[in-house]
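**Q** Chains as they are written, first to last, in the numbering used here: chain D, 1 to 185; chain G, 1 to 223.
Each residue gets a CB set at the ideal place from its N, CA and C atoms; glycine is no exception.
Take a look at the structure:
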């Protein structure tokens, strides 16, 4: 079983270290690959849609993101340890999240809840777990961080660090850490 | 005269974008109402050697209008970086400034932009500015190719009304809190899907791809 942990090199706080330790404690039987993204390590998505209509399934930007996407797509579970900034992901993390786009198809499809989405490209996807952390988080920002993903994406579990020692490990105990057949999101 | 800075935040390079068009439309509409309006191209500013001149202009404005496309249900990475840097630049000072936003999305449902509008609200809190209201625009691509079509008339009128409200709000300190505006283009969803899906296949063909190539799985599970 493979696990991939993506995090932000520019926000390696005490909370981050504690969270990383908790996650790794829970992944004792996994092969773990870690990646920290810092400013300038990868480019931002330019919305060119080359990953759909020029080189389907792969970003046309030549940088480390191709390796990150390949590793994530071949994992059973992917963790995103993200600082919460303005109630959403930090810039470094958002650079990587935006560039998940090649893993979906360009077309429109109607979901059961009446919303539009892009279809999956692959038969199955890693389970995705996003853990948000930050100092002096307001209740509004914590709720927004959850809503951004939980309202729109069904294959992602959102957790917010509450600063306690065992909260994340306890939460992970209730999540099946295995690939999921179905949606890219 | 009051001053508005529009942050035009399409990450696209060298090609037309909905956000740039919306920004220019806003400038054309609001400029005539006793308000001086300048546009900052976020991509150009961020990739320049020095963001300071732009950050100073943003800091000194009476209002900012932040226009961007929805990327994974919130701000694109590029704009996130820019606003993170700006918040760091101005520090903890409170700005007597009003903030508006327009978020556009390629999906027909305009309320999908709600959380992105809340992100701008959070950013406003962070810099001590006053968030006033946001506009969520569905079927954003339609404004590029069909903004003068009859079925776009109501959407464009609602957009222009939102610009009028921004101008009025900038010039009037007494207006109560304002509600977000969601603009849905009156166009059959099935036809919109058909046109969109046809468009992707056409673009792929122009790039020398066959229909089946669109479904490639380069990262197919290796284990």
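Going by DSSP, which residues form a beta bridge with residue 8 of chain D?
**A** DSSP, once it has assigned bridges, lists D:37 as partnering residue 8 of chain D.
**Q** Should residue 141 of chain D be flagged as near chain G, meaning a C-beta pair shorter than 8 Å?
**A** Judged by the 8 Å Cβ criterion, residue 141 of chain D is in contact with chain G.
**Q** Who are the Cβ neighbours of residue 223 of chain G in its own chain at under 6 Å, not counting the five residues just before and after it?
**A** Unreliable positioning characterises residue 223 of chain G in this predicted model, as indicated by a pLDDT of 45, which lies under 50. A coordinate reading is not provided.
**Q** What residues in its chain sit with their C-beta under 8 Å from that of residue 90 of chain D, if we drop five residues either side in the sequence?
**A** Contacts found: 8, 10, 11, 82, 83 and 84.
**Q** For residue 238 of chain G, report the span of its beta strand (DSSP E) as first-last.
**A** This structure cannot speak to residue 238 of chain G, because chain G is shown only from 1 to 223.
**Q** Evaluate contact between the stretch 210 to 222 of chain G and the stretch 119 to 128 of chain D, counting only Cβ atoms and requiring at least three cross-stretch pairs below 8 Å.
**A** The stretch 210 to 222 of chain G, when compared against the stretch 119 to 128 of chain D, does touch it at the 8 Å Cβ threshold.
**Q** Answer with yes or no whether the minimum CB distance from residue 152 of chain D to chain G is below 8 Å.
**A** Yes, its Cβ sits closer than 8 Å to a Cβ of chain G.
**Q** According to DSSP, residue 31 of chain D sits in a beta bridge with which residue or residues?
**A** Bridge partners of residue 31 of chain D: D:2.
**Q** Pull up the DSSP beta-bridge partners for residue 77 of chain D, would you.
**A** Its beta-bridge partners are D:3 and D:127.
**Q** With distances taken between CB atoms, is the gap from residue 127 of chain D to residue 54 of chain D smaller than 8 Å?
**A** No, these two residues do not count as a Cβ contact at 8 Å.
**Q** Give the single residue among G:140, G:34 and G:195 whose Cα lies nearest to the Cα of residue 19 of chain G.
**A** For the residues G:140, G:34 and G:195, the minimum Cα distance to residue 19 of chain G belongs to G:140.
**Q** Provide the residue span of the beta strand (DSSP E) that contains residue 242 of chain G, from first to last.
**A** For chain G, the structure presents residues 1 to 223; residue 242 of chain G sits outside this window and is missing.
**Q** Is it the case that the Cβ atoms of residue 19 of chain D and residue 168 of chain D are separated by a distance below 8 Å?
**A** Cβ distance < 8 Å, so residue 19 of chain D and residue 168 of chain D count as in contact.
**Q** At a CB distance below 8 Å, what residues from the stretch 54 to 85 of chain G approach chain D? Give them in sequence order.
**A** Residues 69, 71, 72, 73, 74, 75, 76, 77, 78, 80, 81, 83 and 84.
**Q** What residue range is occupied by the uninterrupted alpha helix (DSSP H) comprising residue 193 of chain G?
**A** Residue 193 of chain G -> alpha helix (DSSP H) spans 189 to 206.
**Q** Assuming residue 76 of chain G and residue 44 of chain D form a contact by the criterion Cβ under 8 Å, report the distance between their Cβ atoms to the nearest whole angstrom.
**A** With a Cβ gap of about 7 Å, residue 76 of chain G and residue 44 of chain D count as contacting.
**Q** Compare the C-beta of residue 147 of chain D with all C-beta atoms of chain G and state if any pair is closer than 8 Å.
**A** Closer than 8 Å to some Cβ of chain G, the Cβ of residue 147 of chain D qualifies, so yes.
**Q** Which residues in chain G have a C-beta closer than 9 Å to the C-beta of residue 184 of chain D? List them in chain order.
**A** Simply none; closest approach about 11 Å.
**Q** Taking Cβ-Cβ distances below 8 Å as the criterion, which residues of the stretch 131 to 159 of chain G are in contact with chain D?
**A** Residues: none.
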